[in-house]
Amino acid sequence: MEIPILDLKGRSAEELRGDRELARSADEGLSTVGTFVLCGHGVPGEILGAVRSTAEDFFAEPESEKQAWARPMTPEVARGYFGLPSGVVSVMGMERFSFGAWERDENDPYYGSSEGRAHFPDNRFPPQHAAFESAARAYFRCVEDVSHKLAVILEEALQLAPGAFTENLNGNTGTATAILYPGGGVPPEGGVRIQAHNDVDLYTILRIFDDSRTDLYFLDRENRWNEVPAVRDSFIVNVGDLMQRYTNDRWLATSHKVLVPPQSSAQDRFSLAYFEHPRYDTIVAPLKALLKREKQEPAYPPARVADFERQRRMLIHLGQTANEELLEPIEKRLGSA
Ligand SMILES: [Fe+2]
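See below:
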């Protein structure tokens, strides 16, 4: 199945509004193969390159140093380092470092309440890696801008009034994760770098730092795995559970996985994922305008984002589903190994 490639041609969010062709491509990708590729997004290559090199500097530190910045095991959000040895879920192991919003107004109860503080904890960058923090911060501003453009395109794709998605991004609880799948040795052919899973967020914006291949596969509606084409300087977009509920299953939280390339001497694979979540006090329900147009009944009751995500995370603790952002079923398996 063909995966659409959307070219934003460096346009601003407002310039993208009303682009029906772009909106149709997004809808086609998300309703069939579950993904599309975004280029012309306007994020400078130097910023992306700086995140990669500074993150790799951090990942090269001794294990004890990295563990000093380990992600606290609270269910709300991911901040800091998380590593998995080889063979647990990824044939050659995996290292991750997550970060979220820096700017928040503590005088605003949305941020300053105990619920707000749980959703917006401090980032955990080591002071000796200040360059990593400043690159990550610059990238975070850029990817939030891409997310805003994407929200406009998705509003258009569903023919919604302006603001249907973008308004809930003001105070969003999105997080970004630098991911390193270390190379070395000859991996088993057909090995899995991350098992098939779906995302729990609104949507995910992924950058893969390899212009020749992605090794990322999505399961389409006909149950076939499709590899995402490598497109220079692009992001790969897929939607998560929250968007599936908004759209009453028009766009599914599609299953995806990363495989080891065949017959490859294993090289490092570096990627940057941004998981977009709306404000935690947003009520997510199938969109009324969409239900009316498609003459559908809502498949889901309304849910407050914080409550819905907490419930999903409980299911993840019970091992009934998988979530890349939290990796809790993997930790659970690791604990019992
Ligand atoms: Fe994922």
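Just so it is clear: in the sequence shown, position 162 is 162 by this note's numbering, and no numbers are missing. Cβ coordinates follow ideal geometry from the N, Cα and C atoms, glycine included.
- prompt: For E2, is the classification buried or exposed, using 16 other Cβ atoms within 10 angstroms of its Cβ as the cut-off for buried?
  reply: Position 2 of the sequence shown, counting from 1, holds the residue named residue 2. Of the residues assessed, E2 falls on the exposed side of the cut-off, its CB having fewer than 16 other CB atoms within 10 angstroms.
field: E227 - partner residues in DSSP beta bridges
entry: Translated into the one-based positions of the sequence shown, residue 227 becomes position 227. Partner(s): Y217.
task: Assign A283 to buried or exposed, taking buried as 16 or more other Cβ atoms, counted over all protein chains shown, within 10 Å of its Cβ.
output: Locating residue 283 in the sequence shown gives position 283, where the first residue counts as 1. In the sequence as presented, Ala is not what sits at residue 283; that position holds Ile. With fewer than 16 Cβ atoms within 10 Å of its Cβ, I283 is classed as exposed.
query: So, helix, strand or coil for H41, using DSSP?
result: Taking the first residue of the sequence shown as 1, we reach residue 41 at position 41. Here H41 sits in coil by DSSP.
message: Measuring only the C-alpha atoms, how far is L160 from A303?
response: Within the sequence shown, the letter at position 160 stands for residue 160. Within the sequence shown, the letter at position 303 stands for residue 303. Going from the Cα of L160 to the Cα of A303 covers about 20 Å.
query: What residue range is occupied by the uninterrupted beta strand (DSSP E) comprising H277?
result: For the purposes of this step, residue 277 is identified with residue 277 of the sequence shown, where counting begins at 1. Taken as a continuous stretch (DSSP letters only), H277 belongs to no beta strand (DSSP E), as it is neither H nor E.
- prompt: CB of I194 to nearest heavy atom of ligand 1: below 8 Å?
  reply: Here the question's residue 194 lines up with position 194 in the sequence shown. For ligand 1, at least one heavy atom lies less than 8 Å from the Cβ of I194.
query: Based on the DSSP secondary-structure assignment, which residues constitute the bridge partners of T175?
result: Residue 175 sits at position 175 when you count from the first residue of the sequence shown. DSSP, once it has assigned bridges, lists G100, F275 as partnering T175.
query: Does the distance from the C-beta atom of F120 to that of F97 stay below 9 Å?
result: Here residue 120 refers to the residue found at position 120 when the sequence shown is read from its first residue. Here residue 97 refers to the residue found at position 97 when the sequence shown is read from its first residue. No, these two residues do not count as a Cβ contact at 9 Å.
- request: Return yes when the Cβ of L38 is within less than 9 Å of the Cβ of R237, no when it is not.
  value: Looking up residue 237 in the sequence shown gives position 237. Looking up residue 38 in the sequence shown gives position 38. Note that residue 237 is Val in the sequence shown here, rather than Arg. Closer than 9 Å, so yes.
- prompt: Any idea if S12 is buried or exposed, counting beta-carbon neighbours within 10 angstroms, 16 or more meaning buried?
  reply: Counted from its first residue, the sequence shown places residue 12 at position 12. Its Cβ having fewer than 16 others within 10 Å, S12 is exposed.
task: Assign Q67 to one of two classes, buried (16 or more other C-beta atoms within 10 Å of its C-beta) or exposed (fewer than that).
output: The residue labelled residue 67 in the question sits at position 67 within the sequence shown. The residue in question, Q67, is exposed, as its Cβ has fewer than 16 Cβ neighbours within 10 Å.
- prompt: In terms of residues, what are the limits of the alpha helix (DSSP H) holding D241?
  reply: One-based indexing of the sequence shown puts residue 241 at position 241. From DSSP, the alpha helix (DSSP H) with D241 extends over 241–246.
query: Using a Cβ-Cβ cut-off of 7 Å (strictly less than) and excluding sequence neighbours within five positions of R360, which residues of its own chain qualify?
result: Because the chain spans 1 through 337 in this model, residue 360 falls outside it and cannot be assessed.
query: How would you call R269, buried or exposed, if buried means at least 16 neighbouring beta carbons within 10 angstroms?
result: Position 269 of the sequence shown holds residue 269. Flag for R269 reads buried.
field: Cβ-based neighbour list, E156, same chain, cut-off 6 Å, excluding 5 preceding and 5 following
entry: Counting from one through the sequence shown, the residue named residue 156 turns up at place 156. Correct list, in chain order: A23.
message: My output table needs one value for V51: the three-state DSSP class, helix, strand or coil.
response: Indexing the sequence shown from 1 puts residue 51 at position 51. Here V51 sits in helix by DSSP.
message: Between V143, E227, Q195, K295, which has its C-alpha nearest P44's C-alpha?
response: As a first step, residue 44 must be located in the sequence shown, where it is residue number 44. Of the listed residues, the one whose Cα sits closest to P44 is V143.
task: Look at the alpha carbon of S271 and the alpha carbon of I208, and state the distance between them as a whole number of angstroms.
output: Indexing the sequence shown from 1 puts residue 271 at position 271. Indexing the sequence shown from 1 puts residue 208 at position 208. Going from the Cα of S271 to the Cα of I208 covers about 5 Å.
field: Chain-order list of residues whose beta-carbon lies under 8 Å from that of R279 (same chain, five-residue window excluded)
entry: For the purposes of this step, residue 279 is taken as the residue at position 279 of the sequence shown. Excluding sequence neighbours, R279 sits near Y110, N168, L169, N170, G171, N172, T173, V305.
query: Using the C-alpha atoms, what's the distance from G80 back to A70?
result: The count along the sequence shown starts at 1 and reaches residue 70 at position 70. The count along the sequence shown starts at 1 and reaches residue 80 at position 80. In a straight line, the C-alpha of A70 is about 5 Å away from that of G80.
query: What is the rounded straight-line gap between the Cα of A118 and the Cα of D108?
result: The count along the sequence shown starts at 1 and reaches residue 118 at position 118. The count along the sequence shown starts at 1 and reaches residue 108 at position 108. Taking the Cα positions, A118 is about 14 Å away from D108.
query: How do the region 238–252 and the region 28–35 stand: do at least 3 beta-carbon pairs fall below 8 Å, yes or no?
result: yes
query: Is it the case that the Cβ atoms of V257 and L216 are separated by a distance below 9 Å?
result: For the purposes of this step, residue 257 is taken as the residue at position 257 of the sequence shown. For the purposes of this step, residue 216 is taken as the residue at position 216 of the sequence shown. It is worth fixing the name first, because residue 257 is Lys in this sequence and not Val. In this structure, L216 lies closer than 9 Å to K257 by Cβ.
- prompt: Under the criterion of a Cβ to heavy atom distance below 8 Å, does N341 qualify as lining ligand 1?
  reply: With the chain represented from 1 up to 337, any question about residue 341 goes unanswered, as that position is not in the structure.
Beta strand (DSSP E) segment containing Q67, residue limits: Along the sequence shown, read from residue 1 onward, the residue named residue 67 stands at position 67. Q67 -> not in any beta strand (DSSP E); alpha helix (DSSP H) instead, spanning 63–67.
A116, enclosing beta strand (DSSP E) - first and last residue: Here residue 116 refers to the residue found at position 116 of the sequence shown. Reading off the sequence, residue 116 comes out as Gly, not Ala. Careful: G116 lies outside any beta strand (DSSP E), inside the alpha helix (DSSP H) at 114–119.
- request: Let me know the secondary structure DSSP gives F36 once reduced to three states.
  value: Counting from 1 along the sequence shown, the entry for residue 36 is found at position 36. Residue state, collapsed to three classes: strand.
task: Put N168 into one of helix, strand or coil per three-state DSSP.
output: Within the sequence shown, the letter at position 168 stands for residue 168. It is helical.
- prompt: Ordered along the chain, which non-local residues of its own chain (more than five positions away) have a Cβ less than 7 Å from that of P298?
  reply: Position 298 of the sequence shown, counting from 1, holds the residue named residue 298. So the qualifying residues of the chain are N248, A285, P286, L291.
task: Find the nearest neighbour of E133 within the set G93, E294, P182, G100, judged by alpha-carbon distance.
output: Against the sequence shown, residue 133 aligns to sequence position 133. Closest by alpha carbon: G100.
task: Grab the span of the alpha helix (DSSP H) containing Y203 for me, first residue to last.
output: Stepping through the sequence shown from its first residue, residue 203 is reached at position 203. That residue, Y203, is in no alpha helix (DSSP H); its beta strand (DSSP E) goes 203–208.
Local Cβ density within 10 Å of A130, reported as buried at 16 or more and exposed below that: Counting from one through the sequence shown, the residue named residue 130 turns up at place 130. Classification of A130: exposed, given that the 10 Å Cβ count is below 16.
- request: Give the DSSP bridge partners of Y81, in chain order.
  value: Position 81 of the sequence shown, counting from 1, holds the residue named residue 81. Partner(s): A70, F97.
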